[in-house]
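Q: This is the structure I want to talk about, given as structure tokens.
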Amino acid sequence: MSRGVSYITRMISPNHAVTTSNKAENGPHLRRCRFCGERLERTFVDLGMSPLCETYPSVDEINGPETFYPLHVYLCESCLLVQLEAYERPEDIFSNYAYFSSYSDSWLKHSETYCNKMIERLNLTDKSFVIEAASNDGYLLQYFAKNKIPVLGIEPAANIAKVAEEKGVPTLVRFLGASTAAELAADGRCADLVLGNNVLAQVPDLNDFVEGLKVLLKPGGVLTLEFPHILRLIENNEFDTIYHEHFSYFSMVTVVRVLEAHELKVFDVEELPTHGGSLRVFASLATNQTRKIEPSVQRLIESERSAGLDLPAGYADFAKRVQKTKFALVEFLLGAAQQGKQVAGYGAPGKSATLLHYCGIGKDLIQYTVDRNPYKQGRFLPGTHIPIYHPDRISESKPDFVVILPWNLKDEVMQQLQFIREWGGQFVIPIPQVTVC
Ligand SMILES: [Zn+2]
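Position 89 of the sequence shown, counted from 1, bears residue number 1349 in my numbering, the numbering being contiguous throughout.
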């Protein structure tokens, strides 16, 4: 385990020169912002202790020890980046990751729509080149490849990269940072489109990663990044989207600041319904004069200002609302248990680890869960050891309630599981507030 082991973190000093500093030199209790290097002293929310959320122990492993880490989220009062400390080296988290993007139909649809839009907007052809950072199992690049557009995925998890290769998506098994990008650039492999979906939040070394994205862009190239929007996280109480693998939580204000520090210009932004409310930002090199900043950018910054997110005070009430959600969910599940009702879960997403640990929910309140991902079937949720079965288990055991753990996919899940109505089954959606329907 790497806890307490010092490793090199790169930070940006106030004058935006990239400097390198050793964490241990600052002392064990001195936390610093991963973007601007300021001291982190203000709590955003403290969700207690929980294990790494994408680690699913097998039956042979459940009698062994599990490491729990604090889910204590800080707000940098200087740059307003909401962030967790990284307790594990990314190699330990992501090298054998269990998250296969292709097991969600709606996520595939989302990705295909994005590809078609980008092909049109950027006039991508068989002469273009697209690079995706954290390309997972090729879930997205496959749609560019189908259109004969050359692609390259960069994915640190070898087990997942292998699946992408089998789909015909060339994949480099590496972490993307400035040095990997420089090697590719030296080989003449810069791209017309560089994209990163749900990866910006997951990089502990934020400045090194963003620098890498910049280096991979051709002079006229476009970068798109998708990440959960902290405005929605706060508004909708989406506290379970906070987990150890997500180190940073971005507002538009902060992301513009981070990209600007690396000489990138955000010229457009779209709001997306994915992951409870995400942003897709479009950026180019700051020197690219052909890209004019669209009104969407200022509009979004204004909406964050009116929600108070441009000042530390705007982040203050979140923790209290999170606690209220916990009390409501526990109250419902205790009531169901006392009436002898059978409660199952649906899904074993990363976010369920936060929800279940913070709320103190174990097998006594949710007897089992199911997941379509065969890798997870027969394994257990981390920490709580709630067993994960094949989805057929639901029709066999006929639970009274099914708690939809990936609540962001609730419409898709409810459609798939309509048959629970035959025995009077009901769905429980835990967030934004406990809803039984
Ligand atoms: Zn900061």
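Every residue gets a Cβ at the ideal spot worked out from N, C-alpha and C, and that includes glycine.
Given a cut-off of 7 angstroms on the beta-carbon distance, is the pair Leu1401 and Ile1414 in contact?
A: As a first step, residue 1401 is located in the sequence shown; it is residue number 141 there, counting from the start. As a first step, residue 1414 is located in the sequence shown; it is residue number 154 there, counting from the start. With contacts defined as CB atoms closer than 7 angstroms, Leu1401 and Ile1414 fail to qualify as a contacting pair.
Q: Under 6 angstroms from any heavy atom of ligand 1, by CB: list those residues in chain order, please.
A: Cys1293, Phe1295, Cys1296, Glu1298, Cys1336, Ser1338, Cys1339, Leu1341
Q: Rounded to whole angstroms, what's the CA-CA distance from Phe1687 to Ser1318? Just pull it up for me.
A: In the sequence shown, counting from the first residue as 1, residue 1687 sits at position 427. In the sequence shown, counting from the first residue as 1, residue 1318 sits at position 58. Going from the Cα of Phe1687 to the Cα of Ser1318 covers about 28 angstroms.
Q: Is DSSP giving Asp1722 helix, strand or coil here?
A: It is not possible to answer for residue 1722, since the shown part of the chain is limited to 1261 through 1697.
Q: Go ahead and label Thr1644 buried or exposed: buried means 16 or more other beta carbons lie within 10 angstroms of its beta carbon, across all protein chains shown.
A: Here residue 1644 refers to the residue found at position 384 when the sequence shown is read from its first residue. It is buried - the Cβ of Thr1644 has at least 16 other Cβ atoms within 10 Å.
Q: Starting from Gln1686 and walking both ways along the alpha helix (DSSP H), at which residues does that stretch end?
A: Mapped onto the sequence shown, residue 1686 falls at position 426. No alpha helix (DSSP H) contains Gln1686, which is instead part of the beta strand (DSSP E) from 1686 to 1689.
Q: Express the C-alpha separation of Thr1501 and Ala1346 in angstroms, rounding to a whole number.
A: For the purposes of this step, residue 1346 is identified with residue 86 of the sequence shown, where counting begins at 1. For the purposes of this step, residue 1501 is identified with residue 241 of the sequence shown, where counting begins at 1. Whole-angstrom Cα-Cα distance: 16 angstroms.
Q: Under a three-way DSSP split, which group does His1506 fall into?
A: To locate residue 1506, count along the sequence shown from 1; it is residue 246. Residue state, collapsed to three classes: coil.
Q: Kindly give me the distance between the Cβ atoms of Tyr1329 and Thr1303, rounded to whole angstroms, as I take these residues to be in contact under 8 angstroms.
A: In the sequence shown, counting from the first residue as 1, residue 1329 sits at position 69. In the sequence shown, counting from the first residue as 1, residue 1303 sits at position 43. Actually they do not touch by this definition, with Cβ atoms about 16 angstroms apart.
Q: Within its chain, find whatever has a CB closer than 6 angstroms to the CB of Glu1425; leave out the 5 residues flanking it on each side and keep chain order.
A: Position 165 of the sequence shown, counted from the first residue, corresponds to residue 1425. Result list for Glu1425: Thr1431, in chain order.
Q: Thinking C-alpha only, which one of Tyr1628, Leu1444, Pro1533 is nearest Lys1369?
A: Along the sequence shown, one-based indexing puts residue 1369 at 109. Of Tyr1628, Leu1444, Pro1533, the residue nearest in Cα terms is Pro1533.
Q: Measure the C-alpha to C-alpha separation of Trp1683 and Ala1421 and round it to an integer number of angstroms.
A: The count along the sequence shown starts at 1 and reaches residue 1683 at position 423. The count along the sequence shown starts at 1 and reaches residue 1421 at position 161. Rounded to the nearest angstrom, the two C-alpha atoms are 42 angstroms apart.
Q: Could you please give the first and the last residue of the uninterrupted alpha helix (DSSP H) stretch that includes Pro1555?
A: For the purposes of this step, residue 1555 is taken as the residue at position 295 of the sequence shown. Segment 1555 to 1566, the alpha helix (DSSP H) holding Pro1555.
Q: Taking the beta carbon of Gln1343 as the centre, do at least 16 other beta carbons fall within 10 Å, making it buried, or is it exposed?
A: Within the sequence shown, numbered from 1, the residue matching residue 1343 stands at position 83. Around the beta carbon of Gln1343, a 10 Å sphere encloses 16 or more other beta carbons of the protein chains shown; the residue is thus reported as buried.
Q: Under 8 angstroms Cβ to Cβ from Asn1206, same chain only, skipping five residues before and after it: list those, please.
A: Nothing can be reported for residue 1206: it is not among the residues displayed for the chain, which extend from 1261 to 1697.
Q: With DSSP as the reference, identify every bridge partner of Gly1605, one or two as the case may be.
A: The residue given as residue 1605 occupies position 345 in the sequence shown. Thr1629, Val1663.
Q: In angstroms with no decimal places, state the Cα-to-Cα distance between Gly1638 and Leu1466.
A: For this step, residue 1638 is matched to residue 378 along the sequence shown. For this step, residue 1466 is matched to residue 206 along the sequence shown. In a straight line, the C-alpha of Gly1638 is about 35 angstroms away from that of Leu1466.
Q: Looking at C-alpha atoms only, which residue of His1506, Ser1556, Pro1416, Ala1597 is the closest neighbour of Phe1435?
A: Taking the first residue of the sequence shown as 1, we reach residue 1435 at position 175. Ranking the options by Cα distance to Phe1435, first place goes to Pro1416.
Q: Just mark Pro1666 as buried or exposed, buried being the case when its beta carbon has 16 or more other beta carbons within 10 Å.
A: In the sequence shown, residue 1666 corresponds to position 406, counting from 1. When all chains shown are included, Pro1666 counts as buried.
Q: Expressed to the nearest angstrom, what Euclidean distance is found between the alpha-carbon atoms of Glu1527 and Ile1654?
A: As a working note, residue 1527 is residue 267 in the sequence shown. As a working note, residue 1654 is residue 394 in the sequence shown. The question names Glu, but residue 1527 is Phe in the sequence shown. Near 47 angstroms, if we compare the C-alpha coordinates of Ile1654 and Phe1527.
Q: State the DSSP-derived secondary structure class of Asp1570, mapped to helix, strand or coil.
A: If you number the sequence shown from 1, residue 1570 lands on position 310. Asp1570 falls in the coil class under three-state DSSP.
Q: Does Lys1406 pass the burial test, meaning 16 or more other C-beta atoms within 10 Å, or should it be called exposed?
A: As a working mapping, residue 1406 is identified with position 146 in the sequence shown. Answer is exposed; the Cβ neighbour count stays below 16.
Q: DSSP puts Gly1413 in a beta bridge; with which residues?
A: On the sequence shown, residue 1413 is found 153 positions in, with the first residue counted as 1. Glu1392, Thr1431, per the DSSP bridge assignment.
Q: Would a C-beta distance cut-off of 7 angstroms place Val1454 and Leu1483 closer than the cut-off?
A: Taking the sequence shown and counting its residues from 1, one reaches residue 1454 at position 194. Taking the sequence shown and counting its residues from 1, one reaches residue 1483 at position 223. Yes, Cβ-Cβ distance for Val1454 and Leu1483 is below 7 angstroms.
Q: Quick one: what's got a C-beta closer than 8 angstroms to Ala1597's C-beta in the same chain, skipping five residues either side?
A: Position 337 of the sequence shown, counted from the start, is the residue given in the question as residue 1597. Excluding residues within five positions, the ones whose Cβ falls inside 8 angstroms are Val1603, Asp1624, Leu1625.
Q: Quick check: the Cα distance between Leu1493 and Gly1456, rounded to an integer number of angstroms?
A: Here the question's residue 1493 lines up with position 233 in the sequence shown. Here the question's residue 1456 lines up with position 196 in the sequence shown. If I take the Cα positions, the gap works out to 20 angstroms.
Q: Using only CA atoms, which one of Leu1473, Ile1379, Pro1488, Leu1312 lies nearest to Leu1545?
A: Counted from its first residue, the sequence shown places residue 1545 at position 285. Among Leu1473, Ile1379, Pro1488, Leu1312, the Cα nearest to that of Leu1545 is on Leu1473.
Q: Would Ile1409 and Ser1395 qualify as a contact pair, given that the criterion is a beta-carbon distance under 7 angstroms?
A: Taking the first residue of the sequence shown as 1, we reach residue 1409 at position 149. Taking the first residue of the sequence shown as 1, we reach residue 1395 at position 135. No, Cβ-Cβ distance for Ile1409 and Ser1395 is not below 7 angstroms.
Q: Which whole-angstrom value describes the C-beta separation of Pro1311 and Ala1567, a residue pair presumed to lie in contact below a C-beta threshold of 8 angstroms?
A: Position 51 of the sequence shown, counted from the start, is the residue given in the question as residue 1311. Position 307 of the sequence shown, counted from the start, is the residue given in the question as residue 1567. That belief does not hold up - the Cβ atoms of Pro1311 and Ala1567 are roughly 32 angstroms apart, past 8 angstroms.
Q: So Glu1591 packs on Glu1314, CB below 8 angstroms; how close in whole Å?
A: Residue numbering aside, residue 1591 sits at position 331 when the sequence shown is read from its first letter. Residue numbering aside, residue 1314 sits at position 54 when the sequence shown is read from its first letter. Not really, about 29 angstroms apart at Cβ, beyond 8 angstroms.
Q: Specify the secondary structure class of Arg1585 as computed by DSSP and reduced to three states.
A: The residue labelled residue 1585 in the question sits at position 325 within the sequence shown. According to the sequence provided, residue 1585 is Thr. The question's Arg does not apply to it. Helix.
Q: Let's test the definition: count the other Cβ atoms within 10 Å of the Cβ of Ile1322 and tell me whether it reaches 16, buried, or not, exposed.
A: Position 62 of the sequence shown, counting from 1, holds the residue named residue 1322. Under this definition Ile1322 is an exposed residue.
Q: Opposite His1650 in the DSSP bridges: which residues?
A: The sequence position of residue 1650 within the sequence shown is 390, counting from 1. BP columns for His1650 are empty, so no partner.
Q: Taking all protein chains shown into account, do 16 or more other C-beta atoms lie within 10 angstroms of the C-beta of Val1696, making it buried, or fewer, making it exposed?
A: Mapped onto the sequence shown, residue 1696 falls at position 436. Val1696 should be labelled exposed.
Q: Between the Cα of Asn1633 and those of Ala1608, Ala1579, Lys1427, spot the shortest distance and give me the residue it belongs to.
A: Here residue 1633 refers to the residue found at position 373 when the sequence shown is read from its first residue. Ranking Ala1608, Ala1579, Lys1427 by Cα distance to Asn1633 puts Ala1608 first.
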